[in-house]
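Below you'll find the structure, written out as structure tokens, and then a few comments.
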Amino acid sequence: MKFNISYPATGCQKLFEIVDDHKVRIFFDKRMGSEVQADMLGDDWKGYIFKITGGNDKQGFPMKQGVLTNGRVRLLLSNDHSCFRTRRDGERRRKSVRGCIVDGNLSVLSLVIVRKGAKDIPGLTDTNIPRRLGPKRANNIRKL
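Here you go:
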């Protein structure tokens, strides 16, 4: 399974592939938005905590928050839903989406680092990418 891991503090993201199913099993039966400790992935990940933000299955169907299943369902989606963009006003369409529970049929799982561990991960936590655009509001500029 591939893991698309992002670290918002540095603005970096990196794709990792872990082929050992025993290590990946800690993510199974967890929902989107839940936090998972990454100690089982190896010694490099000791102390890290991930938040599951989404993923795609092996056929490319995206995970959708709020669909409480680990399989694929066909939902009638409109403009205010994720996973669908309308072309006309009032358009609705039945689309296949994946449930929000992680299982072994996913090919990519998107994760965000909530808490950093002791070791740095090369290319993810050791480099810092500057933000291209600043905030538009004056209040947000003051917060920086």
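In this note's numbering, the protein residues as written are 6 to 149. All residues carry an ideal CB built from backbone N, CA and C; glycine is no exception. Values in this document were obtained by computation on a predicted structure and should not be read as measured data.
- Message: So the candidates are 51, 70 and 126; which of them puts its Cα closest to the Cα of residue 21?
- Response: 126
- Task: Hey, could you find the ends of the alpha helix (DSSP H) residue 146 is sitting in?
- Result: 143-148
- Task: Tell me whether the beta-carbon of residue 58 lies closer than 7 Å to the beta-carbon of residue 102.
- Result: no
- residue 51 classed as buried or exposed, judged by whether at least 16 other C-beta atoms fall within 10 angstroms: exposed
- Identify every residue that forms a DSSP beta bridge with residue 111. 62
- Query: Quick one: Cα of residue 92 to Cα of residue 38, how far?
  - Reply: 29 Å
- Cβ-Cβ distance between residue 158 and residue 23 below 7 Å: Shown here, the chain extends from 6 to 149; a query on residue 158 therefore has no answer.
- How should residue 82 be labelled, buried or exposed, when 16 other C-beta atoms within 10 angstroms of its C-beta is the threshold for buried? buried
- Message: Less than 7 Å between C-beta atoms, sequence neighbours within five positions excluded: which residues of the same chain meet that for residue 110?
- Response: 62 and 63
- From 36, 18 and 45, residue whose alpha carbon lies closest to that of residue 30: 45
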